[in-house]
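Below is one structure; the comments refer to it alone.
In the working numbering, the protein residues as written are 26 to 153.
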């Protein structure tokens with residue numbers, strides 16, 4: 026794999042992570058009448074959404090201080106959850122914040138493990 030291709034892939038994943046952030050904001054602050062639900066429990070939806078965003082950002086950002094990504098996502102979850110107080114038909118619940126925060130932590134850990142596994146595979150000698 027060429028370096029240019031790898032960097033393009035990381036940039037694409039980073040852009041996808043930021044797109045997830047934008048979607049989290051949008052989906053958190055739209056009125057209840059416009060909500061799109063999967064049929065799963067709301068907390069599961071929260072955890073999956075933040076896990077995906079955290080994994081994409083942690084994988085694509087090669088800064089060793091990935092705790093900042095986690096802290097940022099947890100802070101965002103808190104802000105978005107509090108903001109739902111003023112959105113028609115929406116409620117603000119601590120359990121939703123906890124699910125979002127847990128999803129962010131798990132996602133960043135998954136992203137970190139995935140990048141370490143990929144780097145380990147790349148530097149491992151391969152037989153021709």
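Virtual Cβ for every residue (Gly too), placed ideally from N, Cα, C.
- C-alpha distance - residue 103 paired with residue 111, whole-angstrom precision: For the pair residue 103 and residue 111, the Cα-to-Cα distance works out to about 14 Å.
- Roughly how many whole angstroms lie between the Cα atoms of residue 125 and residue 40? Using only the alpha carbons, I get a separation of about 20 Å.
- Look at the Cβ atom of residue 136, then the Cβ atom of residue 81, and state whether they are nearer than 8 Å. For residue 136 and residue 81, yes; Cβs fall inside 8 Å.
- Any heavy atom of the ligand HEM closer than 7 Å to the CB of residue 82? The ligand HEM is not among the ligands present in this structure, which contains no ligands whatsoever.
- Item | Backbone secondary structure at residue 88 - three-state DSSP | DSSP places residue 88 in the coil class of the three-state scheme, outside both helix and strand.
- Query: Of the residues 129, 71, 122 and 47, which one's Cα is nearest the Cα of residue 83?
  - Reply: Ranking 129, 71, 122 and 47 by Cα distance to residue 83 puts 129 first.
- Item | Minimum C-alpha distance to residue 51 - residue among 38, 90, 105 and 85 | For residue 51, the nearest C-alpha among the options comes from 105.
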